[in-house]
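Residue numbers (numbering that gives the first Met the number 0), protein chains in the order written: chain A, 0 to 310; chain B, 0 to 310; chain C, 0 to 310; chain D, 0 to 310. For each residue, glycine too, the CB sits at the ideal point set by N, CA and C. What follows is one structure encoded as structure tokens, with my remarks underneath.
There are 4 protein chains.
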Amino acid sequence: MADIVSMRECRGLHVVAQTPFREDGALDLDSIDTLSAFYYKHDAQGLTVLGVSGEQGKLTPDECIAVAARFVRAAQGKRIIVGVSSPGIAQLVAVAQQVMAEGASGVMICPPAGTQTDEELLRYFDIIFARIGDTPTVLQDFPGHSGVKMSPSLIRRLVETFPQIAVVKEEDLPSVTKITRLRAELGYKVRILTGNNGLYLPQELARGADGPMAGFSFPEMLSGVYDLMSRGESEAAHRLFNTYLPLLRYEAQGEWGIAIRKEVMRQRGAMECAVLRAPGPTLNAVDMAEIGDMIARMEIGFQFDTRTLGR
Amino acid sequence: MADIVSMRECRGLHVVAQTPFREDGALDLDSIDTLSAFYYKHDAQGLTVLGVSGEQGKLTPDECIAVAARFVRAAQGKRIIVGVSSPGIAQLVAVAQQVMAEGASGVMICPPAGTQTDEELLRYFDIIFARIGDTPTVLQDFPGHSGVKMSPSLIRRLVETFPQIAVVKEEDLPSVTKITRLRAELGYKVRILTGNNGLYLPQELARGADGPMAGFSFPEMLSGVYDLMSRGESEAAHRLFNTYLPLLRYEAQGEWGIAIRKEVMRQRGAMECAVLRAPGPTLNAVDMAEIGDMIARMEIGFQFDTRTLGR
Amino acid sequence: MADIVSMRECRGLHVVAQTPFREDGALDLDSIDTLSAFYYKHDAQGLTVLGVSGEQGKLTPDECIAVAARFVRAAQGKRIIVGVSSPGIAQLVAVAQQVMAEGASGVMICPPAGTQTDEELLRYFDIIFARIGDTPTVLQDFPGHSGVKMSPSLIRRLVETFPQIAVVKEEDLPSVTKITRLRAELGYKVRILTGNNGLYLPQELARGADGPMAGFSFPEMLSGVYDLMSRGESEAAHRLFNTYLPLLRYEAQGEWGIAIRKEVMRQRGAMECAVLRAPGPTLNAVDMAEIGDMIARMEIGFQFDTRTLGR
Amino acid sequence: MADIVSMRECRGLHVVAQTPFREDGALDLDSIDTLSAFYYKHDAQGLTVLGVSGEQGKLTPDECIAVAARFVRAAQGKRIIVGVSSPGIAQLVAVAQQVMAEGASGVMICPPAGTQTDEELLRYFDIIFARIGDTPTVLQDFPGHSGVKMSPSLIRRLVETFPQIAVVKEEDLPSVTKITRLRAELGYKVRILTGNNGLYLPQELARGADGPMAGFSFPEMLSGVYDLMSRGESEAAHRLFNTYLPLLRYEAQGEWGIAIRKEVMRQRGAMECAVLRAPGPTLNAVDMAEIGDMIARMEIGFQFDTRTLGR
């Protein structure tokens, strides 16, 4: 239970980590060290590995465990949360147990497509928690991906029934109003972290979210916005956010967005190779030039902004 | 409210009626008289017009009203329930009001695709009933078609909140266990009629259903099974059902099943032309021969059964 | 055929128009005049009325025709394209014929959910065009909404088979790469306009799109970006786009985004009342303050930008 | 390639095997021997293990391999085809390679939900076959389960492009007309086996299918119908089929049908324990009595039929 209490303290940037592959699509475990260092340098308080944008669905369970274990080894004392969602409960439970044995801080679970009605969702988590015991858990509310909608009142019931749920990752659009409602229904029984690639971050934080759980090729923006908002420097937070928004919105295009993100991160030295596992998009020369332009423009804006406004 | 009370009395066969078209796909309103006579001759206590297998989705609202009005004119004092489900509430309400003005006994509503969570479903019907007032209503529970699942506890809440719901058309598989649960939760506050083309009728009746609301090219089987079950002649009911089962299962193949049903009904003189509106299947010579064989075999079985068993 | 040729000339901003309602949800036809003037003042070359964000799905066919007719009356010689997509072909055709009779320039069609395989899609449009004849048509490629994916090679086959398709509204993500492929496959046989609330507009134009077909509460940004890009002033275009991006991304949140957009447009005098038809979101004080902040910040940025950069 | 040639010879009954569990949901590998014997006694020419009704989705990959290996050990020289469909390609490939190493005869693959357009489907199988090489493959065409529709012309392209596809398991409704079309398009390049719980078996065989690939608690009916049809004894085949049809249709109710099937098979001595893995239905006393009645009635009918008609 100590771990659940500790998970309930989480706030600030939790990066949804990429999974690095080699050109041939094999796992590149060594790059996980570089990648972790990159994230922590930019103030990640923890990582969520093997989320949707971590290409979890393309790995075998054995690979999932190897990746999680390597992130744990490179954790530098930070929280490692492992995405274990799966259409099958046995696979979810097996992976959850093994990554916890490897030293993970907790798991993230999104109910599988087709789990409808409040009744079925309660039953689903009942089966899960009977098996994974007191594993600290992030409940992922992401109907845009899973097709599963959970009302605020159901989320309250889940949180009250299953104390293992320490965090809700809220990405049901409009996330802003749902965060307002969840805060009203739940108080501070759980942390609320936000996803959707950080696309609504300043507003979500103003509504009471405890931090971003998202990926972006410039994680310093996500931690920076969080810090500025925490210190009450709302205008500076918005300015920082807006400077990066053109690229942020560009990375928020499903798998193709991930391809962009990995390429930018490769250029920044965070990983050796930007490739996605098949079936996934590959970038051509036109795409690369487009990214280059976007970053150049963003950097000019950023320098300009810094110079002019004294940030 | 008198109408809701009367709707709450409904039991026995309510045929989900076909909509007759001409060769060119135009409505054939005149055939509605012949068709109605055919259904009533075979002991229909009422009709559900413009259900899924009545091709409602292929008609304009004006056509829906014309079809419903004609069935009302030909009703011979029987109940005419009109399917008004629609992705849009305004269209649903407009059609509901107009068919009630034309003399319909009530409407049937299935919540539209994408209406998830107990909360949203309650809100949906709240909006609907605020507009259609005390229109007697059949709640259609048909997730196989709509993608919307409703738990027994939600159905109880809907029935308790909206007294207009006089009947539940139960076709969530396995319908048998859901009927058992609904009877336990609801008692006899509402009638339960069953769908799924009648494919589980004897078991559903034994579980407490009040009758079939289904289409079949031999409606005398549906009414016959209901009557036999009502009189406690369970074995005879099963025997009758099983004799027709090969064709019944054959008609339970979505739109192609409807094509088969209309063709058999045409051969039996119930309608002039068996055509479905586009896009819909058309039958070729191989299909026609297959149907012919199935009916011939069924009739031999039936005569044999009758002779040997003295039914 | 003259009309198809003319439709094939369309480029520049085509606003996806809102539909104005009164507080009680009734149509507010009079506001269509004000609204049209607002759009044309901001350089709309045409309007697409009754698109997804025009709440088409919540109107009856009669209401659709009334709305389209009023937009035509207020068109000031501009192109009025009417969204006629419907799960049912008869309704689609009836509305298409009537809005063309009212003077619309063309229709927009997105194939309905469930229409899968190249074969089915070809058959679907075959049935449609057999009935609507030479009505100039925008093919809407919007799998995020419809669930229907169309490959570039299928789109080419559709365009080659049905000369009525004068424009493709491309909003399959990543739209940028699909636009590149469509230009390669199609040349300039059709125009390509882009949607997704304009969220990727500068890149889409650079890839060869002919203009935005999107809604935004500041349509002057959409036309401005188009004009700047057309004149080769790419940097200025990006700067303009980026200034508005925080609000643009905020309006790109499905129905809630539409609620935001209508409220901002109400504040700008474009319409009397910002209400959406039920079931739709309503804004509360927190939401209103959030919008206010976002616009204030955007305007400061805009003035600042203008002053500093001499735009 | 020898194996592909051999797979292309398959005809007759291929049972979609159940997976036996203990009361606590653990795999019961020992029961696989009893179960295999039961299937072969009733004339199975091969088994398809870990299909949809084999609860594949509830097993971990390691469990899948253990189950497949045990079925191979108990195969008595019969063909063991292993269902390896998975949302993730790496998992599909890993399991496919391992079960082939364990001695399986081939694998069965259904493309995952969301794989739309002819282009994407060709690409999907291109990636798969680049990795599993010349593994003999059953292409499962089952849109009712997967949501993926494949037109006959696409299936022809797949078969012509990937010689590994030795069999099509055809269960897209109406399967009868699709079988007719596939035979016309493909000739005898591939075998066509049929699924849908065998619900349309006599008609499918008459249309040119090579046998059932289905589960049923009385597999002797499936092999019997196949044999009678092969010998041209169509009337006897139909009579046999129709006798079992009431139970057959009862087992064709998704997961609940599997619960029924396993219970009947347990009563027949085919396995120790009828339990399904969670989340799955459990049968109560009412359900058990209903099954009992159905079987009793079926057996009376069968004896009666045998006695009277001299079968």
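Subject >> Beta-carbon proximity list for LEU34/A, same chain, < 7 Å, skipping 5 on both sides >> reply: By 1-based counting over the first sequence, the position of residue 34/A is 35. For LEU34/A, where only same-chain residues beyond five positions count, the Cβ hits under 7 Å are ALA16, GLN17, PRO19, ALA269, MET270.
Original post:
Using a C-beta cutoff of 8 Å, does HIS13/A count as contacting chain F?
Top reply: In the structure shown, chain F does not exist; the protein chains are A, B, C and D.
**OP:** Please state if the CB of ALA236/C and the CB of VAL224/C are separated by a distance shorter than 8 Å.
**Re:** Residue numbering aside, residue 224/C sits at position 225 when the third sequence is read from its first letter. Residue numbering aside, residue 236/C sits at position 237 when the third sequence is read from its first letter. Contact: yes.
Subject >> Simplified DSSP state of GLN90/D, which is helix, strand or coil >> reply: Indexing the fourth sequence from 1 puts residue 90/D at position 91. Correct three-state label for GLN90/D: helix.
Original post:
From ARG156/B to ILE80/C, what does the alpha carbon distance come to, in whole angstroms?
Top reply: Reading the second sequence from its first residue, position 157 is the one you call residue 156/B. Reading the third sequence from its first residue, position 81 is the one you call residue 80/C. Rounded to whole angstroms, ARG156/B to ILE80/C spans 44 Å at the Cα level.
**OP:** Flag this pair as yes or no: are the beta carbons of LEU192/B and MET220/B separated by less than 8 Å?
**Re:** By 1-based counting over the second sequence, the position of residue 192/B is 193. By 1-based counting over the second sequence, the position of residue 220/B is 221. Contact: no.
Original post:
Is the Cβ of ASN196/A closer than 8 Å to any Cβ of chain C?
Top reply: As a working mapping, residue 196/A is identified with position 197 in the first sequence. So no, ASN196/A is outside the interface.
Original post:
Going by Cα to Cα distance, which pick from ALA165/D, GLY132/D, GLU170/D is closest to GLY146/D?
Top reply: Counted from its first residue, the fourth sequence places residue 146/D at position 147. Measuring from the Cα of GLY146/D, the nearest candidate turns out to be GLU170/D.
Subject >> Nonlocal neighbours in the same chain, by C-beta distance under 7 Å from ILE259/D, ignoring five residues either side >> reply: Walking along the fourth sequence from the start, residue 259/D turns up at place 260. Counting only Cβ-Cβ distances below 7 Å, and skipping sequence neighbours, we find TYR249, GLU250, ILE290.
Original post:
Hey, ASP226/D and ASP117/C are a contact pair by Cβ (cut 8 Å); roughly how many whole angstroms apart?
Top reply: Within the fourth sequence, the letter at position 227 stands for residue 226/D. Within the third sequence, the letter at position 118 stands for residue 117/C. ASP226/D to ASP117/C, Cβ: 39 Å. No contact.
Subject >> Assigned exposure category for THR281/D - 16 Cβ within 10 Å defines buried >> reply: Mapped onto the fourth sequence, residue 281/D falls at position 282. By the 10 Å Cβ count, THR281/D comes out exposed.
Subject >> For GLY136/B, the residue or residues it bridges with in DSSP >> reply: In the second sequence, counting from the first residue as 1, residue 136/B sits at position 137. It is Thr, not Gly, that sits at residue 136/B in the sequence shown. DSSP output for THR136/B lists VAL106/B, ILE164/B as bridge partner(s).
**OP:** Using a Cβ cut-off of 8 Å (strictly closer), state whether GLY87/D contacts chain A.
**Re:** One-based indexing of the fourth sequence puts residue 87/D at position 88. GLY87/D counts as touching chain A.
Original post:
Do you know how far the Cα of SER233/C is from the Cα of GLU101/A?
Top reply: Numbered from 1 along the first sequence, position 102 holds the residue referred to as residue 101/A. Numbered from 1 along the third sequence, position 234 holds the residue referred to as residue 233/C. Their Cα atoms are separated by approximately 51 Å.
Subject >> Beta carbon of LEU91/A nearer than 8 Å to that of ALA89/D >> reply: Your numbering for residue 91/A matches position 92 in the first sequence. Your numbering for residue 89/D matches position 90 in the fourth sequence. No.
Original post:
Residues in its own chain within less than 7 Å of PRO135/D by CB, not counting five upstream and five downstream?
Top reply: Working through the fourth sequence from its first residue, we reach residue 135/D at position 136. So the list reads ASP2, ILE3, MET6, SER104, GLY105, GLN163, ALA165, once near-sequence residues are dropped.
Original post:
Using a beta-carbon distance below 8 Å, is GLN97/C in contact with chain A?
Top reply: For this step, residue 97/C is matched to residue 98 along the third sequence. So no, GLN97/C is outside the interface.
Original post:
When the distance is taken between beta carbons, is LYS261/B closer than 8 Å to ALA277/B?
Top reply: Indexing the second sequence from 1 puts residue 277/B at position 278. Indexing the second sequence from 1 puts residue 261/B at position 262. No, the Cβ-Cβ distance between ALA277/B and LYS261/B is not below 8 Å.
**OP:** Return the chain-ordered ranges of every alpha helix (DSSP H) run that is complete within the stretch 159-232 of chain D and spans a minimum of 4 residues.
**Re:** Correct list: 174-185, 200-205, 218-229.
Subject >> Cβ shell of LYS188/A (< 7 Å), same chain only, five flanking positions each side left out >> reply: Counting from 1 along the first sequence, the entry for residue 188/A is found at position 189. Same-chain partners within the cutoff: VAL158.
Original post:
Where does GLY11/B sit, in a helix, a strand or coil, going by DSSP?
Top reply: Translated into the one-based positions of the second sequence, residue 11/B becomes position 12. Three-state result, GLY11/B: coil.
**OP:** Please work out which residues of its chain come closer than 6 Å, Cβ to Cβ, to GLY11/D, disregarding the five sequence neighbours upstream and downstream, and give them in chain order.
**Re:** Within the fourth sequence, numbered from 1, the residue matching residue 11/D stands at position 12. Here the set comprises GLN44, GLY210, TYR225.
**OP:** Report yes if the C-beta distance between LEU28/A and ALA67/A is below 8 Å; otherwise report no.
**Re:** Start at 1 with the first residue of the first sequence, and residue 28/A comes out as number 29. Start at 1 with the first residue of the first sequence, and residue 67/A comes out as number 68. In this structure, ALA67/A does not lie closer than 8 Å to LEU28/A by Cβ.
**OP:** In angstroms with no decimal places, state the Cα-to-Cα distance between LYS148/B and ASP140/B.
**Re:** Numbered from its first residue, the second sequence carries residue 148/B at position 149. Numbered from its first residue, the second sequence carries residue 140/B at position 141. For LYS148/B and ASP140/B, the distance between alpha carbons rounds to 8 Å.
Subject >> Rounded straight-line distance, which links the Cα of PHE217/D to that of ALA36/D >> reply: Counted from its first residue, the fourth sequence places residue 36/D at position 37. Counted from its first residue, the fourth sequence places residue 217/D at position 218. Answer to the nearest angstrom: the Cα atoms are 14 Å apart.
**OP:** Return helix, strand or coil for LEU58/D, following the three-state DSSP convention.
**Re:** The residue you call residue 58/D lines up with position 59 of the fourth sequence. Correct three-state label for LEU58/D: coil.
Original post:
Hey, ILE31/B and ARG69/B: beta-carbon distance below 8 Å or not?
Top reply: On the second sequence, position 32 is the one that residue 31/B refers to. On the second sequence, position 70 is the one that residue 69/B refers to. Closer than 8 Å, so yes.
Subject >> Segment limits, beta strand (DSSP E) that includes GLY82/A >> reply: Within the first sequence, residue 82/A is the residue found at index 83, counting from 1. Counting along the chain, the beta strand (DSSP E) containing GLY82/A begins and ends at 78-82.
Original post:
Can a CB atom of chain C be found closer than 8 Å to the CB of ARG21/B?
Top reply: Residue numbering aside, residue 21/B sits at position 22 when the second sequence is read from its first letter. With 8 Å as the cut-off, ARG21/B does not count as an interface residue toward chain C.
Original post:
alpha helix (DSSP H) containing LEU121/D: first to last residue?
Top reply: In the fourth sequence, counting from the first residue as 1, residue 121/D sits at position 122. Run containing LEU121/D: 117-131, per the alpha helix (DSSP H) assignment.
**OP:** Would you mind sorting ARG78/B into buried or exposed? The rule is 16 or more other CB atoms within 10 Å of its CB.
**Re:** Walking along the second sequence from the start, residue 78/B turns up at place 79. Burial call: buried.
Subject >> Residue nearest to ARG130/C in terms of C-alpha spacing, selected from MET99/C, LEU198/C, ALA112/C >> reply: Residue 130/C sits at position 131 when you count from the first residue of the third sequence. Checked all of MET99/C, LEU198/C, ALA112/C; the closest Cα to ARG130/C is MET99/C.
Original post:
Using the C-alpha atoms, what's the distance from ILE299/A back to THR307/A?
Top reply: Walking along the first sequence from the start, residue 307/A turns up at place 308. Walking along the first sequence from the start, residue 299/A turns up at place 300. Annotation note: pLDDT 47 at THR307/A (below 50); position unreliable, no value reported.
Subject >> Listed by chain order, chain C residues near LYS57/B by CB distance under 7 Å >> reply: If you number the second sequence from 1, residue 57/B lands on position 58. By Cβ distance, chain C contributes GLY87, ILE88, ALA89.
Original post:
Can you find a C-beta in chain A that's less than 8 Å from the C-beta of ARG156/D?
Top reply: As a first step, residue 156/D must be located in the fourth sequence, where it is residue number 157. Cβ-Cβ to chain A under 8 Å: no for ARG156/D.
Original post:
If you measure from the beta carbon of LYS188/D to each beta carbon in chain C, is any gap under 8 Å?
Top reply: Taking the fourth sequence and counting its residues from 1, one reaches residue 188/D at position 189. For LYS188/D, the answer is no, since every Cβ of chain C falls outside 8 Å of its Cβ.
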